[in-house]
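And the structure:
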């Protein structure tokens, strides 16, 4: 009897251990490690449906998903548009129910989005999300707003940025998130006047906080769905201030600012005043944008390399030996036929990155954050001399400006000149002695 009791207790312990090991979908140790992320298997209500009376939107998954995401809370992975705050989310192992904070309103079109990032119990994260569009009324509106939002200063798409469309005058808020290429779709909604706001939500609280980059515009929707570009950048009431002044060469000073500058501002010598320590004025010949000057130099170098390569190909071209000889010319030398080159093999592509198109770029270059001051020739920046730089009327992207002065001392070593910076053509073959 004691043996039977001990055997029953041991069997119960083994069963409890196996159940604990398999809870949450984990298999026994020593098997194949599951590295496949979950995916959305079903969504109800179905996208495009009307006259829905569902109390919640249900996202069903191919396996159990974790209720403890690695980044943020579970409700931050869902967007309901139009929105009334953070949604209510209920987790049920392999499916999640989502509903607005105050419930679905009648005769309203909704767009419910699941953002990428959810993971299963092994940490395999979903790379793609899902969206469903339905209506609690009899039809779906046919309008909305599409476009692309950029991080303008970095000149790249603002993936994950939030885009808000506010209808006027009822102030209904529609919400969407940009994909990895910065592309967004807000809606659906009807015709009317809307305020469009896009921003990069760094702390993921779905509120535009001070210091976050943003852009906004107003659009009137009539007969078509508009496509709008948003250029998110720092927009505050502080004027730009000089953070550093340094020299680029013997005739150029680089002035760096703490915020982007107005791209519509005319860069003229009147923006600065340059003086020596004894208040002697140094004439300024030109003021240039640092990025524009760098792009111009890169284009010149590229053109020079192309010209050099073209000249090299011209000098190595073979003489045409198959030309018709004039009458009476010796015919002892017979030209050999030109061999036919083998067909070119297609270059293999490795992965999707080899054929992927480049990411989109904003229609306008990013604003400058540094300017170049070039002194008027024949003057040069003298070694060991202290100069005082005063900026007057340099505007930020919102038009704010101020007056500020900084000093800079030139090093006592000789500074490079423009002639010294010209590189020797290393591709030129030196002449050989006979």
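Numbering (the numbering used here), first residue to last: 1 to 434. For each residue, glycine too, the CB sits at the ideal point set by N, CA and C.
Note to self: Quick check: the stretch 68-76 against the stretch 157-169, are at least 3 beta-carbon pairs closer than 8 Å?
What the structure shows: no
Margin query: Taking the beta carbon of residue 276 as the centre, do at least 16 other beta carbons fall within 10 Å, making it buried, or is it exposed?
Written below: exposed
Next item on the list: Would you mind stating whether residue 410 and residue 371 have Cβ atoms separated by less than 8 Å?
Entry: No, they are not a contact pair.
Check: Is it right to say residue 236 is buried, meaning 16 or more other beta carbons lie within 10 angstroms of its own, or is it exposed?
Finding: exposed
Next item on the list: Measure the CB-CB distance between residue 61 and residue 43 and report whether it falls below 8 Å.
Entry: no
Note to self: Just verifying my parser: in three-state terms, what is the DSSP assignment at residue 240?
What the structure shows: coil
Note to self: Using DSSP's beta-bridge definition, name the partner residues of residue 80.
What the structure shows: 112
Check: For residue 294, which of helix, strand or coil comes out of DSSP?
Finding: helix
Check: Around the C-beta of residue 407, are 16 or more other C-beta atoms found within 10 angstroms, so that it is buried, or is it exposed?
Finding: With fewer than 16 other beta carbons inside 10 angstroms of its own, residue 407 counts as exposed.
Item checked: For residue 32, the nearest candidate out of 122, 105, 55 (CA to CA) -> From the listed residues 122, 105, 55, the smallest Cα separation to residue 32 is found for 122.
Item checked: Nearest candidate by alpha-carbon position, reference residue 388, set 247, 368, 289 -> 247
Check: Based on the DSSP secondary-structure assignment, which residues constitute the bridge partners of residue 126?
Finding: Bridge pairing for residue 126: absent [DSSP].
Check: DSSP three-state call for residue 94: helix, strand or coil?
Finding: coil
Notebook entry, point to check: Whose C-beta lies closer than 8 Å to the C-beta of residue 14 among residues of the same chain, with five residues either side of it excluded?
Noted result: Annotation note: pLDDT 45 at residue 14 (below 50); position unreliable, coordinate value reported separately. So the list is empty, once near-sequence residues are dropped.
Margin query: Which residue wins for smallest C-alpha separation from residue 98, given the options 175, 54, 143?
Written below: 54
Checklist line | Where residue 380 sits in the DSSP three-state scheme | finding: Three-state DSSP puts residue 380 in coil, outside helix and strand.
Check: Expressed to the nearest angstrom, what Euclidean distance is found between the alpha-carbon atoms of residue 473 and residue 366?
Finding: Past the boundaries of the shown model lies residue 473; the chain is included only from 1 to 434, so the question cannot be answered.
Checklist line | the stretch 215-227 touching the stretch 145-152, judged by at least three CB pairs closer than 8 Å | finding: yes
Next item on the list: State the DSSP-derived secondary structure class of residue 201, mapped to helix, strand or coil.
Entry: Three-state DSSP puts residue 201 in coil, outside helix and strand.
Margin query: According to DSSP, simplified to helix, strand and coil, what is residue 178?
Written below: coil
Item checked: Run of the beta strand (DSSP E) containing residue 285, from where it starts to where it stops -> 284-289
Notebook entry, point to check: Using a Cβ-Cβ cut-off of 7 Å (strictly less than) and excluding sequence neighbours within five positions of residue 87, which residues of its own chain qualify?
Noted result: 75, 78, 80, 98, 99, 100, 101
Margin query: Quick check: the Cα distance between residue 291 and residue 154, rounded to an integer number of angstroms?
Written below: Here the C-alpha atom of residue 291 lies approximately 12 Å from the C-alpha atom of residue 154.
Next item on the list: Drop a sphere of 10 angstroms on the beta-carbon of residue 358, count the other beta-carbons inside from all chains shown, and report buried for 16 or more, exposed for fewer.
Entry: exposed
Checklist line | Proximity of residue 369 and residue 256 at Cβ, strictly below 8 Å | finding: Result yes, Cβ atoms of residue 369 and residue 256 sit closer than 8 Å.
Check: What did DSSP end up calling residue 348 once you bin it into helix, strand or coil?
Finding: Confidence at residue 348 is low in this model, with a pLDDT of 49, below 50, so its placement is unreliable and the value that follows should be read with caution. Here residue 348 sits in coil by DSSP.
Check: How would you write the range of the beta strand (DSSP E) that residue 452 sits in, first residue to last?
Finding: Because the chain is modelled from 1 through 434, residue 452 falls outside the range shown and cannot be assessed.
Item checked: Environment of residue 215 [buried if 16+ CB atoms lie within 10 Å] -> That one is buried.
Margin query: On a Cα-Cα basis, can you pick out the residue from 111, 68, 279 that is closest to residue 90?
Written below: 68
Checklist line | N-terminal and C-terminal residue of the beta strand (DSSP E) that residue 214 is part of | finding: 214-221
Check: Using the C-alpha atoms, what's the distance from residue 66 back to residue 50?
Finding: 31 Å
Checklist line | the stretch 180-197 contacting the stretch 100-115, beta-carbon criterion three pairs below 8 Å | finding: yes
Note to self: Using a Cβ-Cβ cutoff of less than 6 Å, which residues in the same chain neighbour residue 85 once the five nearest sequence positions on both sides are dropped?
What the structure shows: Closer than 6 Å at the Cβ level, and outside the excluded window around residue 85, lie 101.
Note to self: For a test of the three-state rule: what should DSSP assign to residue 209, helix, strand or coil?
What the structure shows: coil
Next item on the list: Let me know the secondary structure DSSP gives residue 120 once reduced to three states.
Entry: strand
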